[in-house]
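Here the protein sequences come in this chain order: A and B.
Counting with our numbering, you get residues 1 to 113 for the letters of the first sequence.
Counting with our numbering, you get residues 114 to 222 for the letters of the second sequence.
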Amino acid sequence: NAGVTQTPKFRVLKTGQSMTLLCAQDMNHEYMYWYRQDPGMGLRLIHYSVGEGTTAKGEVPDGYNVSRLKKQNFLLGLESAAPSQTSVYFCASSYATTNTEAFFGQGTRLTVV
Amino acid sequence: TQLLEQSPQFLSIQEGENLTVYCNSSSVFSSLQWYRQEPGEGPVLLVTVVTGGEVKKLKRLTFQFGDARKDSSLHITAAQPGDTGLYLCAGVLNTPLVFGKGTRLSVIA
């Protein structure tokens, strides 16, 4: 039972470098989300998707792009990493947006130096 | 503006004590959820409360949804070291699943 899988688990980037975080879910969920978690700030929604081929901005979308080319995958891209993007990133998926459980991956710890 | 305010932010108690943590908002939610997160892991759902005034029990954990559906509380009876973790409340408004900042609970044996 894989659930939600995030890769990589850890990454160190230099300022200005780019990278893509991959999220894969095997539960056939329509909805997928990317959050970042910073000390004292809780989980903040970056982008989300309500289905294959669709994406929408969340609370803190600046500096990030996403794509949902396949239903099971949701990619988060950083085009030019900045130290302010140092964080733990969580992907989640759910069957619906309300009254249903969101399943989370184990997180990606990203450090931008 | 934080849609969901959680208090206290930190709580350190002795094993066997009771505690209550709170989740408050000025907005009305159709439902609220409580998640628990352990270090190095993603949050895991504990409960969803849907009806105003609803009380749900999960072993030693009691969850309540306020009558006006603007607030919720989590009460733990006889806390154990295994209860240590970050407790997050979450709800849906205009965007999916908004989270509070969480209450970090430490239960000392």
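Cβ coordinates follow ideal geometry from the N, Cα and C atoms, glycine included.
Exercise. Identify the residues that DSSP records as bridge partners of B/Val-220: which are they?
Worked result: Beta-bridge pairing links B/Val-220 to B/Ile-126.
Exercise. What does a CB cutoff of less than 6 Å around A/Val-88 pick up in its chain, not counting 5 residues either side in sequence?
Worked result: Taking C-beta separations shorter than 6 Å and ignoring five residues to either side along the sequence, the partners of A/Val-88 in its chain run Gln-37, Gly-107 and Arg-109, following chain order.
Exercise. When the Cα atoms are used, what is the spatial distance from B/Thr-133 to B/Arg-149?
Worked result: Distance between the alpha carbons of B/Thr-133 and B/Arg-149 is about 14 Å.
Exercise. Below 8 Å between beta carbons: does that hold for A/Tyr-31 and A/His-47?
Worked result: The Cβ atoms of A/Tyr-31 and A/His-47 lie no closer than 8 Å to each other.
For this session: Counting only runs of 3+ residues fully inside the segment 10 to 35 of chain A, write out the beta strand (DSSP E) ranges in chain order.
Result: Runs of the beta strand (DSSP E) inside the segment 10 to 35 of chain A: 10 to 13 and 19 to 25.
Exercise. Taking a cut of 9 Å between CB atoms, which residues from the segment 160 to 172 of chain B lie near chain A?
Worked result: Against chain A - using a Cβ distance shorter than 9 Å - the residues of the segment 160 to 172 of chain B are Thr-161 and Val-163.
Exercise. Which residue or residues does DSSP assign as beta-bridge partners of A/Tyr-48?
Worked result: Looking at the DSSP output, A/Tyr-48 shares a beta bridge with A/Tyr-33 and A/Ala-56.
For this session: Within 10 angstroms of the Cβ of B/Leu-218, are there 16 or more other Cβ atoms? Answer buried if so, exposed if not.
Result: In this structure B/Leu-218 is buried. Its beta-carbon is surrounded by 16 or more other beta-carbon atoms within 10 angstroms.
For this session: Please list, in chain order, all residues of the same chain as A/Phe-10 whose beta carbon is under 6 Å from its beta carbon, the five residues on each side excluded.
Result: Excluding sequence neighbours, A/Phe-10 sits near Arg-109.
For this session: Using a threshold of 8 Å, state whether the C-beta atoms of A/Asn-73 and A/Ala-2 are closer than that.
Result: Between A/Asn-73 and A/Ala-2, the gap from beta carbon to beta carbon reaches 8 Å or more.
Problem set entry | Nearest to B/Val-163 (by Cα), restricted to the options B/Lys-183, B/Val-157, B/Lys-172 and B/Glu-154 | Taking each of B/Lys-183, B/Val-157, B/Lys-172 and B/Glu-154 in turn and checking the Cα distance to B/Val-163, the smallest one comes out for B/Lys-183.
Problem set entry | Between the CA atoms of B/Val-160 and B/Gly-215 - distance to the nearest angstrom | It is roughly 15 Å from the alpha-carbon of B/Gly-215 to the alpha-carbon of B/Val-160.
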